[in-house]
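K.L.:
Residue numbers (our numbering): 7 to 109.
(1) Measuring straight from C-alpha to C-alpha, what distance separates residue 31 and residue 72?
(2) Nearest to residue 8 by alpha carbon, out of 34, 25, 33, 40?
(3) Could you check where the alpha helix (DSSP H) with residue 24 kicks off and where it finishes?
(4) Residue 25: beta carbon under 7 Å from a heavy atom of the ligand ATP?
(5) Report all residues from its chain with a CB closer than 6 Å to the CB of residue 55; omit the five preceding and five following residues, and keep chain order.
(6) Go ahead and pull the three-state DSSP assignment for residue 90.
(7) May I have the straight-line CA-CA distance separating residue 99 from residue 67, to the nearest angstrom?
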């Protein structure tokens with residue numbers, strides 16, 4: 007993506023005519039490519055577009071961020087097959103036996 011030329015985004019009001027301005031603003035903020043520029047969950051829930059759905063008393067905030075470090079694992083073919091078998095086994099335990107873990 008870094009090699010692609012910068013290009014201004016297409017105007018959302020042309021792609022979605024007759025859409026309320028607060029909905030377009032919400033989409034613009036949600037569709038930011040850079041995660042630091044993208045609206046976070048707390049601000050998204052407080053956005054005017056979601057005002058009818060927003061309930062601060064029923065929206066707890068986690069004390070820490072979620073740990074995504076498990077996504078950093080390099081997956082070779084055998085490990086990927088093992089993970090798929092385990093996933094299948096979670097939903098259909100009687101379907102197929104889960105192979106033993108690889109080396």
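The C-beta atom is built at its ideal place from N, Cα and C for all residues, glycine as well.
P.N.:
Looking at the atomic coordinates:
(1) Answer to the nearest angstrom: the Cα atoms are 27 Å apart.
(2) Answer by Cα proximity: 40.
(3) Run containing residue 24: none; DSSP gives neither H nor E here.
(4) Absence of the ligand ATP from the depicted structure is noted, as is the absence of any ligand whatsoever, leaving it without description.
(5) Answer for residue 55: 28, 29, 32, listed in chain order.
(6) DSSP places residue 90 in the helix class (H, G or I) of the three-state scheme.
(7) Rounded to the nearest whole angstrom, the CA to CA distance from residue 99 to residue 67 is 34 Å.
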